[in-house]
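Only one structure is covered here, and it is reproduced in the block below.
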Amino acid sequence: MRKLALLLSLLLAVTPAALAAAPEQAPTPAAEERAESAFLQALLEDLSRQTADPWTQAILSEGAADVRLAGGVLSFSLRSFKPDLRDVDTAAADFRARLRARLSAHDLPCALKVSGDAETLTVSSAETKKLMKTVAKAAAAAKKAFGGKAMLAVMLQLLAEGAQAAAPDERYAPLFAAQTGAKLATAGGPHALVLSAMFADVDAFLAEGYNAARRQLAETGGAKALTAGEIARSFTQALTAQASALRKKAQNPYAFTVDIDALLADPPCLRDEAYGELLAAYAQAFETRLAWLTTAAANMPDAPARAMPANGRLSGSVKGTKIVCKNRTEGYVCYLQFRNAETDANVVTAFVANGKNITVRIPEGVYDILLAVGDLWYGELDLFGDEGEYLRMEELKILGDEYFYTLTLNTAEYERMNAQEVDRSAFR
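In my numbering, the protein residues as written are -16 to 411.
Okay, here's the thing in structure tokens:
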């Protein structure tokens, strides 16, 4: 019994010491990796706060990938932001995705000599200076690449595609094709690039495109049978064709602040106010003109439009009192018939081009003047189609050939001569 008590006393005396001397559990590899990454992340954040260069800040702020600690060396990769466009096809369908993958890659290898284990790492100022030198060199290379002509073209393409992402067709492409003098300011870094350019006046641009598309549809014929998508495509194609000519007249300056990551996102995310205002103005004007074009197409005759007749008398009298006809309607041509007020016989038919004058001779008498105004000619049967304007002016008494008359064709003259709308059939 005494021996048992002594043995228990010895066990009680030895156990606390034995427990105190037991080895601690070694950190797991995962815990070490987390410690290494946390140390590096804190270091990069601290270095980012110490620099004023936006490109260097961007590289450091992106954090590190592939962090490894071996033999007192902490190796890792940073994002360089350098766009290598040498083998990137900008016309390829996956262009945006490939560029996004390339620009987001952590492709700048770095290494730091460190002291201590994973949880007690330290690094010398000499090592951090070497790292900053590596990062600064990469930042300068990225900034230079973004400042080149190739990247400027890519940025314009990305902006156009960014606008296009929310559109059902290629309607925004002509807007960016009509810009000129584009420049990309890179001082703010990859998240605050500033693209400036001169853009064509939106209303003037779309008016030109509308007129060209309307004329093309009329000259092709069969516009009534076209679908809404086909008409929209014709409008966009006409705008694209006008873009190069209007580029020379581009006088509206715009500047967009762009985050390259937001621009390459899927879908693109651009919150620049000026960019949004330009797209909104263009979209509204585009829809308005497209609606006009759709209505015009529905009203076009099945037969295609013809070339305008020669300026001057088309048929009828060559003798009588001199009458000078001046076309002062803006952008339109005029077709005239001088009809005998008693018999309704057509005495003279004439055509007056926009801004031109003609002279006809009409025998003494009283005449009704029929006037057709338009800009798409379908022949003397359909005249200017349903979109033309058809008027009958009050009777005009023509005296003998010792007199002469001047007839100015414009809105004020129509009002003075009490012009009334008539059906197109009155000209037959």
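Where is the CB? At the ideal position from N, CA and C, for every residue including glycine.
Model, not experiment: these values are computed from the prediction.
Supposed close pair residue i, residue j - CB separation, criterion 8 Å
| i | j | result |
| --- | --- | --- |
| valine 356 | glycine 371 | 6 Å |
| leucine 189 | arginine 81 | Incorrect: roughly 34 Å between the Cβ atoms, too far for contact. |
| tyrosine 315 | phenylalanine 334 | Rounded, the Cβ-Cβ distance is 12 Å, inconsistent with contact. |
| alanine 268 | aspartate 186 | 6 Å |
| tryptophan 360 | alanine 288 | 6 Å |
| glycine 303 | glutamate 270 | About 52 Å; that fails the 8 Å criterion. |
| methionine 181 | glycine 164 | 5 Å |
Contact check, residue i vs residue j, beta carbons under 9 Å
| i | j | result |
| --- | --- | --- |
| threonine 479 | alanine 156 | Residue numbering for the chain in the displayed model covers -16 to 411; residue 479 lies beyond these limits and cannot be assessed. |
| alanine 119 | lysine 65 | no |
| alanine 47 | leucine 27 | yes |
| phenylalanine 239 | aspartate 249 | no |
| alanine 409 | methionine 376 | no |
| leucine 167 | leucine 135 | yes |
| valine 343 | phenylalanine 367 | no |
| alanine 233 | alanine 281 | no |
| tyrosine 237 | alanine 211 | no |
| tyrosine 388 | valine 331 | no |
| glycine 299 | asparagine 329 | yes |
| methionine 400 | isoleucine 345 | no |
| glutamine 147 | arginine 154 | yes |
| alanine 175 | proline 37 | yes |
| leucine 114 | leucine 95 | yes |
| proline 173 | alanine 41 | yes |
| alanine 121 | leucine 91 | yes |
| tyrosine 373 | aspartate 406 | yes |
| glutamate 102 | leucine 57 | no |
| valine 137 | valine 241 | no |
| threonine 391 | arginine 311 | yes |
| arginine 83 | leucine 253 | no |
| leucine 276 | isoleucine 214 | yes |
| glutamate 144 | proline 251 | yes |
| phenylalanine 129 | isoleucine 243 | yes |
| threonine 219 | aspartate 152 | yes |
| leucine 43 | threonine 34 | yes |
| tyrosine 265 | alanine 221 | no |
Beta-bridge pairing of residue i - partner residues as DSSP gives them
| i | result |
| --- | --- |
| proline 92 | Ser60 |
| arginine 272 | Answer is none; arginine 272 lacks a bridge partner. |
| isoleucine 345 | Thr304 |
| glycine 295 | Phe334 |
| alanine 318 | Per the sequence shown, the amino acid found at residue 318 is tyrosine instead of alanine. Note: tyrosine 318 sits in a beta bridge opposite Phe334 and Ala355. |
| asparagine 310 | Leu392 |
| leucine 167 | Leu178 |
| glutamate 372 | Val356 |
| arginine 289 | Trp360 |
| leucine 52 | Leu57 |
| lysine 380 | Val349 |
| tyrosine 237 | Ala180 |
| alanine 47 | Leu61 |
| valine 118 | DSSP output for valine 118 lists no bridge partner at all. |
Where residue i falls, given that 16 or more other Cβ within 10 Å makes a residue buried
| i | result |
| --- | --- |
| phenylalanine 59 | buried |
| alanine 4 | With a pLDDT of 45 at alanine 4, under the threshold of 50, the predicted position of this residue should be treated as unreliable, though the coordinate-derived value follows. Alanine 4 comes out exposed. |
| lysine 231 | exposed |
| phenylalanine 444 | Within the shown structure, residues of the chain are numbered from -16 to 411, placing residue 444 beyond reach of any answer. |
| alanine 170 | exposed |
| leucine -13 | Note that leucine -13 scores a pLDDT of 32, beneath 50, so its modelled location is shaky and nothing firm can be said. |
| leucine 382 | exposed |
| glutamine 225 | buried |
| glutamate 414 | Within the shown structure, residues of the chain are numbered from -16 to 411, placing residue 414 beyond reach of any answer. |
| leucine 229 | buried |
| proline 284 | buried |
| threonine 39 | buried |
| glutamate 260 | exposed |
| alanine 290 | exposed |
| valine 301 | exposed |
| leucine 364 | exposed |
| glutamate 45 | buried |
| cysteine 93 | buried |
| serine 227 | exposed |
| leucine 51 | Per the sequence shown, residue 51 should be read as arginine rather than leucine. Classification for arginine 51: exposed. |
| alanine 201 | buried |
| glutamate 191 | buried |
| alanine 279 | buried |
| alanine 263 | exposed |
| threonine 105 | exposed |
| serine 217 | buried |
| lysine 126 | buried |
Residue i beta carbon near the ligand SAH (any heavy atom closer than 8 Å)
| i | result |
| --- | --- |
| tyrosine 265 | Ligands displayed in this structure: none; no statement on the ligand SAH is therefore possible. |
- Message: If contact is defined by three or more beta carbon pairs under 8 Å, each pair taking one atom from either stretch, is the stretch 190 to 202 in contact with the stretch 52 to 68?
- Response: no
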